[in-house]
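Each protein sequence line maps, in turn, to chains D and S. Under the working numbering, residue 627 is the last one in the first sequence; the count climbs by one each step, no gaps. Under the working numbering, residue 627 is the last one in the second sequence; the count climbs by one each step, no gaps. Ideal Cβ positions, reconstructed from N, Cα and C, are used throughout, including at glycine. Fair warning: this is a prediction, and the values are worked out from it, not measured in the lab.
There are 2 protein chains.
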Amino acid sequence: MQDVADRAGVSLSTVSYTLTGKRPVSAATRVRIEQAMADLGFRRHPVARALASRRTHVLAIAYPVFGVSLGATLNEIVHGAVDAAREADYDLVLWPVSSDEPELVAELAAQRTADGVLLMEVALDDPRVAAVEQAGVPCALIGRTADPGDRVWVDIDFEQAIEVAVEHLVGLGHRHLGFVNRSQASFDAGYGPVVRAAAAFDAAMTSRGLEPVSTTCDVLPVAGRRATARLLAEHPDLTGFLVMNELALFGVHGALRDAGLRIPDDVSVVGVAITGEISDMYDHPLTYVSTPGPAQGRRAVEGLLELLDGRRHAPGTNLPCALRVRETSGPPPA
Amino acid sequence: MQDVADRAGVSLSTVSYTLTGKRPVSAATRVRIEQAMADLGFRRHPVARALASRRTHVLAIAYPVFGVSLGATLNEIVHGAVDAAREADYDLVLWPVSSDEPELVAELAAQRTADGVLLMEVALDDPRVAAVEQAGVPCALIGRTADPGDRVWVDIDFEQAIEVAVEHLVGLGHRHLGFVNRSQASFDAGYGPVVRAAAAFDAAMTSRGLEPVSTTCDVLPVAGRRATARLLAEHPDLTGFLVMNELALFGVHGALRDAGLRIPDDVSVVGVAITGEISDMYDHPLTYVSTPGPAQGRRAVEGLLELLDGRRHAPGTNLPCALRVRETSGPPPA
DNA sequence: TTGAAAGCGTTACCAA
DNA sequence: TTGGTAACGCTTTCAA
Chain D
294 MQDVADRAGV SLSTVSYTLT GKRPVSAATR VRIEQAMADL GFRRHPVARA
344 LASRRTHVLA IAYPVFGVSL GATLNEIVHG AVDAAREADY DLVLWPVSSD
394 EPELVAELAA QRTADGVLLM EVALDDPRVA AVEQAGVPCA LIGRTADPGD
444 RVWVDIDFEQ AIEVAVEHLV GLGHRHLGFV NRSQASFDAG YGPVVRAAAA
494 FDAAMTSRGL EPVSTTCDVL PVAGRRATAR LLAEHPDLTG FLVMNELALF
544 GVHGALRDAG LRIPDDVSVV GVAITGEISD MYDHPLTYVS TPGPAQGRRA
594 VEGLLELLDG RRHAPGTNLP CALRVRETSG PPPA
Chain S
294 MQDVADRAGV SLSTVSYTLT GKRPVSAATR VRIEQAMADL GFRRHPVARA
344 LASRRTHVLA IAYPVFGVSL GATLNEIVHG AVDAAREADY DLVLWPVSSD
394 EPELVAELAA QRTADGVLLM EVALDDPRVA AVEQAGVPCA LIGRTADPGD
444 RVWVDIDFEQ AIEVAVEHLV GLGHRHLGFV NRSQASFDAG YGPVVRAAAA
494 FDAAMTSRGL EPVSTTCDVL PVAGRRATAR LLAEHPDLTG FLVMNELALF
544 GVHGALRDAG LRIPDDVSVV GVAITGEISD MYDHPLTYVS TPGPAQGRRA
594 VEGLLELLDG RRHAPGTNLP CALRVRETSG PPPA
């Protein structure tokens, strides 16, 4: 940077100030400096910058490399986060830690190698939150804890997602719908998405005078197959299925076919909180209610940056999902 | 750190040296210093360390957030890499960049915010390699370029993987095997895994006096379904399938069932270069030839660190795969 | 609008 | 075996 200053005939500090923009610099010298930087192929050194300014200009996202999801969902969030970070001139790195390693997250945060941390797949009582905050690093939650306080959080509006799916099928004429949720274990643990979706489904059905039929299901194709088969056995009149379980989806199809049912002639299937990528993976393009995906990551980053800059941040938000009608839903058989 | 020095009654530099171990420190003072560090809850500041030592102690891995794989395969590699890095006291971060953004990789490397870069899903002519190296940052390849030179690379021994799978099925009595490869586009592009597997399958079959039947197939369940149906139509005598295509696998099953074939009674299915996680996702636990997964990441990191330390590094390696016999393979029908 | 210089928290060189 | 101190490449305060 001294080289740039010399070549532009100014002091080192002026170069720094044209870079940071924290002090007015006359147009003339700015041009000379920029020219000098171009000539010399100058690049700011982030490490030195971080040391001097006590800001790394890096955001980290705890990325669960061993989660149970297919990756597509997480990656959409990451994508949105990356975009938002880049726009704000921040780098976004992923920390490969699974959700049950709060100590690791704590250690990484304590290193102060990132200005803020994004937490994905946040549980109701997530030790990672305290881990990060105790290190004095602000964090944003994708999902939310039981009591998020005035933290930055971005969650999915599961109530709306379920409502939209039910409305779609009921609107097509269905009266008997089954809901395949995620695992019983996560339900028992009070994991937000699972509990809220279960309640939302019951509400959506009963408010329409319909009987809610639902089941939890491990996040595995085989589990989906068994759960669906059981549901069909107990409720042979079911003509529509809501599935909020990426992997189980694949088993659901198998079970329906085993039962001799065609999609969507005999039975409709709607994925809930699914990405387009997953929908494409289905045998026939799956009708689904999409996750807000990128928007979640984006909002989380924006909120986190507001926090960092001391701007007041918007309160937490539940983002809505959008119905995408494709080829697995239609009117019930006559 | 000055605080630690004061409390231990030594100079700042001595504290630094007990930390780095680059200079002998008497046992007595070492103990005092460690005590002082514990008392004060001292933590080294990685940013300052990086600036002074010109080493970040961070390794980055270009993580394709929008790859076509299911994530499980990539994540196994990441896991191995993380472990190896941690053992060597390095941090490993993931850079969320897709493989077709070499400029991004170049920019990140030029920031010199990592001491070395791991590249996954390396193509035969991968611009990322030059991008990283031109920034003066060493890299290791998972997969390999057409001419890896004396770079560090770790690839899968696809020849062995195919051979093992063929041997397994032929050993069970099969004479007519079909191979479902990855996309035609990647074959045409000369992508290593696809080209090598195709050749290996032909070799394994012809060397046994058998006719090799194979097809390329997009990385999608529907594509797998169609490809398998076509293969069956053209070669009704097929009794075994090798599938080196994570997503197509799900479609293969559907096609076989559509044809009224039971697994493994009528037809056997073997996944090639698949992870256990994928195997578990199959309707019945899939017989497969596993990827070396974590070993790939581990070896790549080890090689990269050797490079960084100026130790001579081992040449590139093809890691072998292991056959896992589960429930989708058996003798052909009589 | 600009310059000079004091840090930022380490490492590593030069002496002792 | 230890201490003092100049970097490392920036940001930012204090002066002008």
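query                                                                                                                      : result
D/Pro339: contacting residues in chain S (beta-carbon distance under 7 Å)                                                  : Gln404 and Thr406
Rounded C-alpha distance that separates S/Tyr581 from S/Ala458                                                             : 8 Å
Status (buried if at least 16 other CB within 10 Å, exposed otherwise) for S/Arg555                                        : exposed
Residue range of the unbroken beta strand (DSSP E) whose run includes S/Met413                                             : Gly409 to Val415
CB of S/Leu352 within 8 Å of CB of S/Leu385, strictly                                                                      : yes
Whether D/Ala355 touches D/Arg437 by CB criterion (8 Å)                                                                    : no
The stretch 555-567 of chain S in contact with the stretch 530-541 of chain S per 3-pair CB rule at 8 Å                    : yes
Interface residues of chain S facing D/Gly569 [CB-CB closer than 9 Å]                                                      : Simply none; closest approach about 12 Å.
Any C-beta of chain S under 8 Å from that of D/His372                                                                      : yes
Burial state of D/Glu527, where buried means 16 or more other Cβ atoms lie within 10 Å                                     : exposed
Minimum C-alpha distance to D/Arg347 - residue among D/Ala320, D/Gln328, D/Thr406 and D/Thr509                             : D/Thr406
Beta-carbon proximity of D/Phe451 to D/Pro505, cut-off 8 Å                                                                 : no
Contact under 8 Å by Cβ, D/Ala516 with D/Ala548                                                                            : no
Inter-stretch contact at 8 Å, needing at least 3 Cβ pairs: the stretch 294-303 of chain D / the stretch 324-335 of chain D : yes
Same chain, Cβ closer than 8 Å to S/Leu612, neighbours up to 5 away in sequence not counted                                : Val447, Asp448, Ile449, Asp450, Pro585, Ala588, Gln589 and Arg592
Alpha carbon of S/Glu414 to alpha carbon of D/Val473, nearest angstrom                                                     : 35 Å
D/Gly596 classed as buried or exposed, judged by whether at least 16 other C-beta atoms fall within 10 angstroms           : buried
S/Leu525 versus S/Leu531: straight-line alpha-carbon distance, rounded                                                     : 7 Å
Contacts of D/Phe534 in chain S (Cβ-Cβ under 9 Å)                                                                          : Those do not exist, as D/Phe534 stays about 18 Å from chain S at its closest Cβ, beyond 9 Å.
Cβ contact check for the stretch 416-433 of chain D and the stretch 612-627 of chain D: 3 or more pairs under 8 Å          : no
Contact under 8 Å by Cβ, S/Ser622 with S/His461                                                                            : yes
Three-state secondary structure (DSSP) of S/Phe480                                                                         : helix
Host alpha helix (DSSP H) of D/Asp448 (start-end)                                                                          : No alpha helix (DSSP H) contains D/Asp448, which is instead part of the beta strand (DSSP E) from Val445 to Ile449.
Sequence-distant residues of the same chain with beta carbon closer than 7 Å to D/Thr499, five excluded per side           : Pro505
Alpha-carbon to alpha-carbon, S/Val425 and S/Val410                                                                        : 7 Å
Sub-8 Å separation of D/Leu344 and S/Met574 beta-carbons                                                                   : no
Any chain D beta carbon closer than 8 Å to S/Arg336                                                                        : yes
Three-state secondary structure (DSSP) of S/Val473                                                                         : strand
Distance CB(S/Asp408)-CB(S/His350) smaller than 8 Å                                                                        : yes
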